[in-house]
Amino acid sequence: MFDALINAIRTPDIRRRLLFVAGMLVIYRALGHVPVPGIDRDALDQFLGGQPFLQLINLFSGGGLADLSIVALAMTPYINASIIMQLMSGVVPRLQQLSREGEYGRNKINQYTRYLTVPLAFLQSYGTLAILSQAGVITDFDLARFETLIQMFTLAAGAVLVMWLGELITERGIGNGISFIIFAGIVAGMPAGLGQFLASPDIAQAVLFTIMAIAGVAVIVYIQEGQRRIPIQYASRVRGRRMYQGGATFLPLRVNQAGVIPIIFAISILAFPFQIASYFAASGGLVGDAA
290 MFDALINAIR
300 TPDIRRRLLF
310 VAGMLVIYRA
320 LGHVPVPGID
330 RDALDQFLGG
340 QPFLQLINLF
350 SGGGLADLSI
360 VALAMTPYIN
370 ASIIMQLMSG
380 VVPRLQQLSR
390 EGEYGRNKIN
400 QYTRYLTVPL
410 AFLQSYGTLA
420 ILSQAGVITD
430 FDLARFETLI
440 QMFTLAAGAV
450 LVMWLGELIT
460 ERGIGNGISF
470 IIFAGIVAGM
480 PAGLGQFLAS
490 PDIAQAVLFT
500 IMAIAGVAVI
510 VYIQEGQRRI
520 PIQYASRVRG
530 RRMYQGGATF
540 LPLRVNQAGV
550 IPIIFAISIL
560 AFPFQIASYF
570 AASGGLVGDA
580 A
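Take 290 as the starting number for the sequence shown in this note's numbering and just add one per residue.
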C-alpha cells in the first residue's frame, strides 16, 4: 500500500494536484484568522461557551465561528443552496429536464447553485449577526448603519470565497473540495484539543479515546467501501464482419451512495430552528417564550 502511495506521489500530475490542494487549504486556514470588524471577543467567547450546538457548528467551520472570521459561514450557504437545488430538481420541470441532459445539465444546475449561494450567504450573515446582537456580541446592530452592512458583506463575501476555493480543489485538485474544506476545519481544532490533554494528561482516557477512534475509523471505512455487486452479462454482438463474444461484469452498488451529504444535510436542518429560536428569544411575549 505504501509503495503504491509513494509511486502515486512520484507521478508529476498527482504531485501537482496534491500541492494545489495543500495550497488552497493553507489559504483557507489563513482567512480563518481574519476577523470581522466590530466584534466583542470576550462576549463572543462567553456566548459560544454556553451553546453546545454552536460549538459543533464551530468545529465544522474550523474555529471560524469562535473567531467570527470572514469565513465563519464556511461552506454552509453553498451546501444549503445545493440541497435546495436537489430538492427543486424533483418538482420543477425545467430543472428536471436539465438533470437529464448529462454534463450540460449538471453544469447549468451547478451554475444556478452558485447564483443561489449569494443571496443565501447574505441571508445567513444577517441571521448570524442578529443572533450575536441579541447576545451582546455586536452593539448597535442596524441595517441602516454602514458598519452593519460592512459586516454582512464581509461574511457573505467570505462564504462565496470559500465556495470558490472548494470548486477549485474539485476541479484542479484531488477529490471533493467540500469534503476537503470540512476536513480542514475539523483537523484545525485538533492541536487545541491535544494541548488541553497534555496540560492534564489522563492515560486511561487517552487509551480509551484511541481505541474508540481506531474502531470508529475501521467501521466507517468498512461501510464506505462495502458494496453489493450485481452481475451483468453481455450478449454476443456483431460489428461489421466480426463477432464479439459476450462478457460478464458487475454493477457495484455501495452501501453509502450519498457519502457525507446526509450528515451535512442533517446539520443544516438542525441549525435552522436554532437560528430562528435564538433570533426571537429576546423579543419577549408569547413568541419569545416559545423560542
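Virtual Cβ for every residue (Gly too), placed ideally from N, Cα, C.
Burial state of Ser-414 is buried, judged by a 10 Å Cβ sphere holding 16 or more other Cβ atoms.
Around the Cβ of Ser-371, a 10 Å sphere holds 16 or more other Cβ atoms; the residue is buried.
Within the region 351 to 414, the alpha helix (DSSP H) runs of at least 4 residues that lie entirely inside it are, in chain order, 353 to 356, 365 to 377, 382 to 388. Contact between the region 430 to 441 and the region 456 to 465 is absent, with fewer than three C-beta pairs closer than 8 Å. In its chain, beyond the 5 residues on either side, Leu-418, Ala-419, Ser-422, Thr-437 have a beta carbon closer than 7 Å to the beta carbon of Phe-430. A straight line joining the alpha-carbon of Asn-396 with that of Gln-335 spans about 44 Å. Of all alpha-carbon atoms in Leu-540, Met-377, Asn-545, Ala-448, the one lying nearest the alpha-carbon of Ala-363 is that of Ala-448. Residue pairing of Thr-538 in beta bridges, as defined by DSSP: Ile-521. Setting aside the 5 residues that flank it on each side, Gly-327 is surrounded in the same chain by Ile-427, Glu-436, Gln-440, each with a C-beta closer than 7 Å to its C-beta; the list follows chain order. Per DSSP, Gly-327 is not a residue of any alpha helix (DSSP H), being assigned neither H nor E. In this chain, the alpha helix (DSSP H) harbouring Thr-437 covers 435 to 461. In this structure, the alpha-carbon of Ser-489 lies about 27 Å from that of Phe-472. When C-alpha distances from Leu-405 are compared across Thr-443, Pro-551, Met-479, Asn-369, the shortest belongs to Asn-369. In this structure, Gln-516 lies away from Ala-537, with their beta-carbon atoms at least 8 Å apart. By the neighbour-count criterion, in which 16 or more other beta carbons inside 10 Å mark a residue as buried, Thr-499 falls on the exposed side. Listed in chain order, the non-local C-beta contacts of Gly-505 below 8 Å within the same chain number zero, local neighbours out to five positions each way being set aside. Ala-319 counts as exposed, since fewer than 16 other beta carbons sit within 10 angstroms of its beta carbon. Assigned with DSSP and collapsed to three states, Gln-335 falls in helix. The beta carbon of Leu-307 sits closer than 8 Å to the beta carbons of Ile-298, Gly-462, Ile-463 from its chain, once the five residues preceding and following it are set aside; these are given in chain order.
Shortest Cα-Cα distance from Ala-555 to any of Gly-416, Asp-329, Thr-365 involves Thr-365. The alpha-carbon of Val-510 is positioned some 36 Å away from that of Val-381. Here Ala-507 is exposed. Its C-beta has fewer than 16 other C-beta atoms within 10 Å. Beyond the five residues adjoining it in sequence on each side, Pro-520 comes within less than 6 Å, by CB distance, of Phe-539 in the same chain, given in chain order. Bridge pairing for Arg-543: Gln-516 [DSSP]. In this structure Met-377 is in contact with Leu-384, their Cβ atoms being roughly 5 Å apart against a cut-off of 8 Å. Under the 10 Å beta carbon count, Phe-469 is surrounded by 16 or more other beta carbons and is classified as buried.
Contact check for Leu-444 and Val-325: beta-carbon distance about 6 Å, within the 8 Å limit, so the pair qualifies.
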